[in-house]
Every structure is written in structure tokens, then in C-alpha cells.
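As C-alpha cells, the structure follows; a few thoughts come after it.
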Amino acid sequence: MGVPPRRGSWARRGRWAGGLLCAATTLALTGCGGDENTLDPAGQPQHSIAHLWWWVMTGAWIGFAVVCAFLFLGWLRRNRSGLPFGGGDRAGTILVIGLGVVTPLVVLTALFFWSNVTVLKSTAAPDPRSTQLTIDVIGHQWWWEVRYPGSKAVTANEIHIPVGARVNVVATTADVIHSFWIPELNRKIDTVPGMRNRLLLNADRAGVFTGECSEFCGLQHAHMTAVVVAEPQAEFRRWLANMAKPARAPATAQTQRGRGFFLSECGGCHQLRGSDSRARIGPDLTHVASRMTLAAGTLPNTPAALAAWIADPQHYKPGAKMPQVPLTRAQIADLVAYLRSLE
């Protein structure tokens with residue numbers, strides 16, 4: 420009759436199983452939380468990257484299959500003097516050199532030249548003369564400032580481009596290193612103090628494409644989302660013309676009061692074109708109501724979320740430069756009504 424295992428051994432096994440399950444769950448969840456997909460390209464540069472990825476993945480699986488085949492062949496030959504299908508040591512040596520050395524060398528060399536000539540050329544910084552539009556993107560802790568040279572249009576965290584156009588993005592930073600990346604449109608580029616890096620955006624279909632800052636830049640690095648809206652040329656021109664306009668005048672008594680609260684409490688940090696508020700510490704709010712999100716993707720741009728953000732921004736984005744505004748609930752309601760009128 421066997422001796423049953425000790426209780427301690429079962430406890431150790433349980434801890435190991437629990438640890439492995441936790442690690443596997445954590446690994447699986449790291450892919451959740453966003454719509455960014457590098458393998459669903461929406462522009463020519465990303466098509467090249469995705470094709471390269473699939474070929475590299477295919478090559479990796481073929482290499483894995485070859486290794487497994489060699490292991491299986493070695494197991495079959497453990498009690499044989501030659502290969503199972505005939506041939507001696509010379510045939511085995513030729514097989515190993517052919518499949519284990521020459522083939523990987525040829526495949527890796529081909530992938531190297533493809534990635535560093537064809538793919539690199541299609542994803543490289545564009546010649547400004549070959550583009551139809553230039554956009555300046557400035558990284559801040561923790562939001563993106565977006566400017567359209569040649570136009571008075573300024574926005575934040577939301578970039579609009581026309582479908583089919585070659586867009587030259589010039590990325591800089593106002594503080595630390597950030598990294599601008601829209602996975603469905605192209606590779607990422609860093610924004611380095613004192614440098615101007617360039618990137619080609621070229622969307623071949625309309626849609627909303629989300630990206631994140633991909634270089635750790637401080638406490639709220641995870642809440643620094645950028646959105647690229649690709650739209651037909653006519654819609655883009657209307658959007659750009661509207662963004663270039665100054666803030667509209669208040670139409671009601673409530674929005675008039677809200678404008679007064681904005682100028683007294685918010686004007687020291689935010690720009691409002693068409694008024695005396697020209698500060699650039701925080702985002703330009705001239706057309707804030709037209710944006711999809713608040714605080715670089717932290718909150719949806721709804722009246723309730725806007726009121727909550729104004730009342731206690733540190734609750735939603737600890738460490739952000741925006742302080743708690745000393746306004747009553749009624750004053751915040753007036754301010755929200757005014758900001759919601761800025762479309």
C-alpha cells in the first residue's frame with residue numbers, strides 16, 4: 420500500500436498552480452483595453468509593416484516546425500545507425516546544414532533586405548514636397564497639442580486628416596520625451612526635446628484611429644490618448660475652417676455668465692481665441708465641445724463628465740497640471756453650458 424503524499428506537497432503544488440494561473444491571466448489581459456490593432460492597417464505604411472509581420476510570423480512557425488522535426492528525427496534514430504528513410508552520417512549532415520543553416524540564413528537575409536529597404540522606405544519620414552498637408556503635434560504632460568500651419572486651427576488630442584492625403588506630421592515636445600503612435604496608420608516616432616521628428620500619415624479609408632503615448636513620460640502616461648479622424652476631403656475642409664474660427668459669442672445669459680467664469684478662473688492656463696485668454700499651459704478650448712473626449716481620452720466629452728472634471732480633475736487624472744477650480748455647483752453649471760456651446 421503506497422504512502423499518501425504529505426499535505427505540504429499539495430499546498431506547494433496549489434501555490435504553483437495559482438501562480439501560473441495568475442501569470443497567464445495577467446499576460447492575456449495585457450492585450451485588452453483598446454482598439455489599436457497593428458494587423459488591421461488603414462494606410463499604406465502600415466500595410467507594409469503588417470505584411471512584414473505576417474511573413475516573419477510564417478517564417479518563425481516554419482523554423483519551429485523544422486526544429487521539432489529534427490528533435491523527432493533524433494528520437495527515431497536513437498537506436499539506429501542511420502536515418503529512418505535511408506542514408507548515413509553524410510546524409511544527416513547535409514540535412515542539418517541545408518535545413519538548419521542554409522535555409523534560415525537565406526530567409527533571414529531576405530527578410531533583412533525587405534524590412535530595411537522596402538518597408539523602411541514606405542514608412543520613412545516623408546519629403547514635405549510630396550505631402551498635401553503638414554500638421555504640428557506637440558507632446559505635453561499629459562496631452563497632445565495639434566496645430567495646422569497656414570491655418571489658425573488649433574485643437575488637442577484629436578487630429579483630423581483627409582482620406583487619401585499624404586500628411587506630414589512634425590512631432591515635438593514641450594517637456595519630456597513622449598512617443599506618438601497610431602498603430603493602424605504607421606510606426607511610432609519619439610518627441611525629443613530640441614528635436615523635430617517627422618512621420619507620414621496616409622489613411623486609405625475613413626474612420627477613427629486611436630493611439631497612445633508609447634514612451635513612459637510620468638504619472639499619467641497611460642492617460643495620454645491621441646485620436647486620428649480620417650474623413651472625406653469635403654468634411655475635412657469644413658472641419659478645418661470651423662477650427663480656424665474664434666470662439667462664438669455667448670447666446671444666452673447662462674453662457675454669458677459661464678464666459679465670465681472662464682475668463683476669471685481658466686484664462687490663465689487655457690487659450691480661447693477671440694478673447695484675451697492666450698495662455699498655452701493647458702489645451703486650447705476654443706472649440707472644446709467638438710471633441711470626442713476630455714483630458715486626452717480620460718473621460719467622454721459629455722456635460723456630466725465635463726462638470727465632474729472641472730470640479731475635481733485630480734480625482735480622474737492625479738498629477739495633472741489642472742487644479743481644482745474654486746466654483747460653486749451653480750457656477751460650474753454655467754461654465755459647462757458655455758464650454759458646451761464652443762463647437
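Numbering-wise, this note's numbering comes out as the position in the sequence shown, counting from 1, plus 419.
Where a beta carbon is used, it is the ideal one built from N, C-alpha and C, also for glycine.
Small disclaimer: the values here were computed from a predicted structure and weren't measured.
Leu761 places its beta carbon less than 9 Å from that of Ala666. Burial is judged here by how many other beta carbons sit within 10 angstroms of a residue's own beta carbon; Met643 has at least 16 and is buried.
Bounds of the beta strand (DSSP E) holding Phe599 are 597-600. Close CB contacts of Thr592 within its chain, under the 7 Å cut and outside five residues either way in sequence, are with Ile557, Gly558, Thr610, Val611, Pro612 (chain order). If you draw a 10 Å sphere on the C-beta of Gly738, you find fewer than 16 other C-beta atoms in it, and that means exposed.
Contact annotation: Gln652 and Pro581 have beta-carbon atoms nearer than 9 Å.
For a cut-off of 8 Å, the C-beta gap from Thr550 to Arg606 is around 17 Å, too long to register as a contact. Rounded to the nearest whole angstrom, the C-alpha separation of Phe680 and Arg657 is 30 Å. For Ile751, the uninterrupted alpha helix (DSSP H) run begins and ends at 748-759, by DSSP. Closest in alpha carbon position to Leu620, among Val648, Met476, Ala641, is Val648. Here Ser570 is exposed. Its C-beta has fewer than 16 other C-beta atoms within 10 Å. Buried is the label assigned to Ile608, since at least 16 other Cβ atoms lie within 10 Å of its Cβ.
The closest CA to that of Met741, considering only Thr537, Pro702, Arg710, Glu603, is found on Pro702. Taking the C-beta atoms as reference points, Gly626 is found no nearer than 9 Å to Ala645. Here the C-alpha atom of Leu691 lies approximately 27 Å from the C-alpha atom of Ile596. According to the DSSP assignment, Ala575 belongs to the beta strand (DSSP E) that extends over 573-575.
Per DSSP, Gly626 is one residue of the beta strand (DSSP E) stretching across 626-632.
Of the residues assessed, Ile481 falls on the exposed side of the cut-off, its CB having fewer than 16 other CB atoms within 10 angstroms. Put simply, the backbone Cα of Trp562 is about 5 Å away from that of Ala715.
For Ser467, same chain residues with a beta-carbon under 8 Å away, outside a window of 5 residues either side, are Thr537, Val538, Ser541, Thr542 in chain order.
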